[in-house]
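Peer 1: These protein sequences, in sequence, are chains A and B.
Using numbering that gives the first Met the number 0, read the first sequence as starting at 0 and increasing by one per residue.
Using numbering that gives the first Met the number 0, read the second sequence as starting at 0 and increasing by one per residue.
By construction, the Cβ of each residue, glycine as well, lies at the ideal position given by its N, Cα and C atoms.
Mind having a look at this structure? Questions to follow.
There are 2 protein chains.
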Amino acid sequence: MARSSQTETAVLGALSVEPMTGYALRESIRDVLGHFWSESFGQIYPALAELERQGLVRRRGSSRPGSSTFAITASGRARLRQLLAQPIQPVPPRNGLMLRLFFGRHLGPEACRSLVLEAKADAERRQAQYEAIRRELEHEENHTEDRPFRLLTVSAGEHTTRAAIAWADEAIAALKDIDAANDAPEQRRRR
Amino acid sequence: MARSSQTETAVLGALSVEPMTGYALRESIRDVLGHFWSESFGQIYPALAELERQGLVRRRGSSRPGSSTFAITASGRARLRQLLAQPIQPVPPRNGLMLRLFFGRHLGPEACRSLVLEAKADAERRQAQYEAIRRELEHEENHTEDRPFRLLTVSAGEHTTRAAIAWADEAIAALKDIDAANDAPEQRRRR
DNA sequence: GGGCACATGTAAGCTGTTACATGATTAA
DNA sequence: TTAATCATGTAACAGCTTACATGTGCCC
């Protein structure tokens, strides 16, 4: 039951929107869920096969490549609801940027600054993407039932990136102070 | 070189502050780095053994349990600097909350609301922890060289949790609207 | 007819977690 | 003397990534 079928959840969820091929599925997971979820493609086809075996999805059309799509079945929808209702599995944090900053003394303020600037640029890029998704969602006619829920996730992304940008600015200022504190004695000596 | 020695980074980093036993090391990683980094304990001892073999850490005292501590060596420090300078390995996102909200239509606004409330409570708990760490850091006399860098990571945590709380409030309001939109037609019919 | 995007899979291998095994020391 | 905590490991396994293998259909 708790068989970590997180891949199943993502696959069933994507198919709950519309039937598609395995190939389209992996693109959908990459492009649509990509901001907060990822599946390695080596998992998708096996998961799909297992779901088919359990009758949770059905292959439409011949099994010849290029002509078959996978559709979720009624029991698949039931299973999806069941999976979504299960407790969230916490992901152990692994924030490489924070690890480097925490031991930043060994790295030096300059290198830390670069890392923070990179992170800021990253956040700004994502911010632009969220805005684009929001615009798209707000003008789209399809999936109006899903829209408000999707907007929740976009909004979460926007809040997160805004916070990242604000933090980055603060961090850059702080790193300048560290630099100044290090330089000050030397400069005094030099003059 | 790129051998995913992220565990080594964390271990060397922790030992760069002060020598300690493997047991203390794992507690330190859990309690101090825990907010943004995690290591499974099954990795720490093998990593420690490998680092010892490479001369990057040295075992002080007898090898009898309870009396030996591990200390970082000069070449260990050099290795740490090298590891910290390596490019950050991006973690594939796996945000269970967002996955559930994205497909929230199948879950219903009520269940989504619970999830968001849980997330908010979580963020508030972490917020309190960050405040405590900040106070501790600002009053501590030790590790003054590390302090400004550690404060950067605390600040990142604070920004992130503040954003999470703000988003949660917004999301709860949005979910109320969804509920209202669903109820309205029924209520009209009933009256 | 050559290249590209579509399409479906498999297998090796690495990473990381969990559970287990063992024993010393200390506090109640 | 029993339980808890400190301390050090190992081994099995689950999960995931990567690279590979294979083939189709379409467009230039």
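How big is the Cα-Cα spacing for G41 of chain B and Q5 of chain B?
Peer 2: As a working note, residue 41 of chain B is residue 42 in the second sequence. As a working note, residue 5 of chain B is residue 6 in the second sequence. Computed Cα separation, rounded: 14 Å.
Peer 1: So V90 of chain B is in the alpha helix (DSSP H); what residue range does that whole segment cover?
Peer 2: Within the second sequence, the letter at position 91 stands for residue 90 of chain B. Note, V90 of chain B: premise wrong, no alpha helix (DSSP H); not H, not E.
Peer 1: Using the beta-carbon of each residue, which ones in chain B are nearer than 9 Å to F101 of chain A?
Peer 2: Counting from 1 along the first sequence, the entry for residue 101 of chain A is found at position 102. Within 9 Å Cβ-Cβ: G12, V31, L32, F35, W36, D145, F148, R149, L151, T152.
Peer 1: Closer than 8 Å between beta carbons: that is the criterion. Which residues of the region 67-84 of chain A meet it against chain B?
Peer 2: Here the close residues are R76, L79, R80, L83, A84.
Peer 1: Contact between the region 118-138 of chain A and the region 157-171 of chain A: three or more CB pairs below 8 Å?
Peer 2: Yes: the two stretches touch, three or more of their Cβ pairs being nearer than 8 Å.
Peer 1: Please report how far the alpha carbon of N94 of chain B lies from the alpha carbon of A9 of chain A, in whole angstroms.
Peer 2: Within the second sequence, the letter at position 95 stands for residue 94 of chain B. Within the first sequence, the letter at position 10 stands for residue 9 of chain A. Roughly 11 Å separates the two Cα atoms.
Peer 1: My output table needs one value for S62 of chain B: the three-state DSSP class, helix, strand or coil.
Peer 2: Counting from 1 along the second sequence, the entry for residue 62 of chain B is found at position 63. Note that S62 of chain B has pLDDT 48, beneath the 50 cutoff, so the model's placement of it is unreliable and no number is given.
Peer 1: What separation, rounded to the nearest whole angstrom, lies between the Cα atoms of L98 of chain A and R57 of chain A?
Peer 2: On the first sequence, position 99 is the one that residue 98 of chain A refers to. On the first sequence, position 58 is the one that residue 57 of chain A refers to. Their backbone Cα atoms lie some 45 Å apart in a straight line.
Peer 1: With which residues is W36 of chain B paired in a DSSP beta bridge?
Peer 2: One-based indexing of the second sequence puts residue 36 of chain B at position 37. Note: W36 of chain B sits in a beta bridge opposite A:R93.
Peer 1: Give me the chain A residues within the contact set of V90 of chain B, using Cβ-Cβ distance strictly less than 7 Å, ordered along the chain.
Peer 2: Translated into positions along the second sequence, residue 90 of chain B becomes position 91. Going along chain A in sequence order, the residues near V90 of chain B (Cβ under 7 Å) are R93.
Peer 1: Measuring only the C-alpha atoms, how far is I43 of chain B from E135 of chain B?
Peer 2: As a working note, residue 43 of chain B is residue 44 in the second sequence. As a working note, residue 135 of chain B is residue 136 in the second sequence. Those two C-alpha atoms are separated by around 27 Å.
Peer 1: Check the C-beta distance from L100 of chain A over to L11 of chain B and give it rounded, since I have them as a contact under 8 Å.
Peer 2: The residue you call residue 100 of chain A lines up with position 101 of the first sequence. The residue you call residue 11 of chain B lines up with position 12 of the second sequence. L100 of chain A to L11 of chain B, Cβ: 16 Å. No contact.
Peer 1: What does DSSP give as the partner residue(s) for V56 of chain A in the beta ladder?
Peer 2: Here residue 56 of chain A refers to the residue found at position 57 of the first sequence. Looking at the DSSP assignment, V56 of chain A forms a beta bridge with A:I71.
Peer 1: Under 7 Å Cβ-Cβ, which residues of chain A neighbour G96 of chain B?
Peer 2: What you label residue 96 of chain B is simply residue 97 of the second sequence in a count that begins at 1. In the sequence as presented, Gly is not what sits at residue 96 of chain B; that position holds Leu. Those are I87, listed as they occur along chain A.
Peer 1: Need the endpoints of the alpha helix (DSSP H) that G21 of chain A sits in, please.
Peer 2: Residue mapping note: residue 21 of chain A aligns to position 22 of the first sequence, counting from 1. Residues 21-30.
Peer 1: Rank B:D30, B:E144, B:A172, B:M19 by C-alpha distance to the C-alpha of S113 of chain B and give the top, closest one.
Peer 2: What you label residue 113 of chain B is simply residue 114 of the second sequence in a count that begins at 1. It is B:A172.
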